[in-house]
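*Asks:*
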Amino acid sequence: DAMVIQNPRYQVTQFGKPVTLSCSQTLNHNVMYWYQQKSSQAPKLLFHYYDKDFNNEADTPDNFQSRRPNTSFCFLDIRSPGLGDAAMYLCATSRQREVSDTQYFGPGTRLTVL
Amino acid sequence: AQSVAQPEDQVNVAEGNPLTVKCTYSVSGNPYLFWYVQYPNRGLQFLLKYITGDNLVKGSYGFEAEFNKSQTSFHLKKPSALVSDSALYFCAVRDIQTGANNLFFGTGTRLTVIP
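As they're listed, the protein sequences go chains H and P.
When we follow this note's numbering, the leftmost residue of the first sequence carries the number 26, and every step to the right adds one.
When we follow this note's numbering, the leftmost residue of the second sequence carries the number 11, and every step to the right adds one.
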């Protein structure tokens, strides 16, 4: 089945220790998104890739970076995690960047910062 | 700017009864509306969307939603609730004027179906 996969599902890191979250997709979609969802809140878009073109949201902290080495994979790097970065991180994909396109989400990675 | 309001944080309904989860929106152009469901410690699952055409949209798991332009609403409905429908439901909107990049989500409504 075509799907969006996130690894790991649960990640524990220490304050200030860099961490990388992984997303892969078998849908062959052109667009990949990273969202941050804090407890009991709506998901918030951090950035997205349209093919190789990186698009950062204006209010995304510099501490968050992303890489997309190929169509299938996208990584979220948190350079120096703070306690406030503890959240669920959701990866999503869409076929194109049309307003009508559906975004399909992975299961998420729950990040804990100690 | 777009915005979405889900006025109820929590909705409780008895199993077998009809359910409604409310959503209202504000956009500057024509809205593109989506409903997602989130089970505990899981990602969001797409239920249905309104793009254009028939105001009544049918989606996954027996859910449907009615687009009402005059009331700027897109309420999610199901004729007969199941215990397994208990989850967190998010309404989301885009409009063509501000681009396709971002889905603006409401704050979510937690649905509990009581056996």
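Built from N, CA and C at the ideal position, the CB exists for glycine as well.
Taking the straight line between their C-alpha atoms, what separation do you get for residue 100 of chain H and residue 58 of chain H?
*Replies:* If you take the alpha carbons of residue 100 of chain H and residue 58 of chain H, they lie about 10 Å apart.
*Asks:* Do you know whose CA, among P:56, P:39, P:52, lies nearest residue 46 of chain P's CA?
*Replies:* Answer by Cα proximity: P:56.
*Asks:* Residues in the region 41-71 of chain P with C-beta within 9 Å of chain H's C-beta atoms, listed in sequence order?
*Replies:* The residues in question are 42, 44, 46, 48, 51, 52, 53, 54, 55, 56, 59, 61, 62.
*Asks:* Among P:62, P:118, P:92, P:122, which has the Cα closest to the Cα of residue 72 of chain P?
*Replies:* Selected option, being the one with the closest Cα: P:92.
*Asks:* Going by beta-carbon coordinates alone, are residue 40 of chain H and residue 108 of chain H separated by less than 8 Å?
*Replies:* In contact: residue 40 of chain H and residue 108 of chain H (Cβ atoms closer than 8 Å).
*Asks:* What is the rounded straight-line gap between the Cα of residue 20 of chain P and the Cα of residue 121 of chain P?
*Replies:* Residue 20 of chain P and residue 121 of chain P: Cα-Cα distance of roughly 6 Å.
*Asks:* Any Cβ of chain P within less than 8 Å of the Cβ of residue 68 of chain H?
*Replies:* Taking Cβ atoms only, chain P reaches closer than 8 Å to residue 68 of chain H, which makes this a yes.
*Asks:* Under 8 Å, do residue 70 of chain H and residue 60 of chain H count as touching if we go by C-beta distance?
*Replies:* Result yes, Cβ atoms of residue 70 of chain H and residue 60 of chain H sit closer than 8 Å.
*Asks:* In the structure shown, what three-state DSSP assignment does residue 110 of chain H receive?
*Replies:* DSSP places residue 110 of chain H in helix when its eight states are reduced to three.
*Asks:* With 7 Å as the C-beta to C-beta threshold (strictly closer), list the residues of the region 93-122 of chain H near chain P in chain order.
*Replies:* Those residues of the region 93-122 of chain H that come within reach of chain P (Cβ to Cβ, closer than 7 Å) are 115, 122.
*Asks:* State whether the region 60-80 of chain P contacts the region 34-43 of chain P, with contact taken as three or more CB pairs (one from each stretch) at a distance under 8 Å.
*Replies:* At 8 Å Cβ cutoff, the stretches touch.
*Asks:* Where does the unbroken beta strand (DSSP E) through residue 97 of chain P begin, and where does it stop?
*Replies:* Per DSSP, residue 97 of chain P belongs to the beta strand (DSSP E) from 97-105.
*Asks:* Distance check for residue 82 of chain P and residue 37 of chain H, CA to CA, integer angstroms please.
*Replies:* When rounded, the distance between both Cα atoms is 42 Å.
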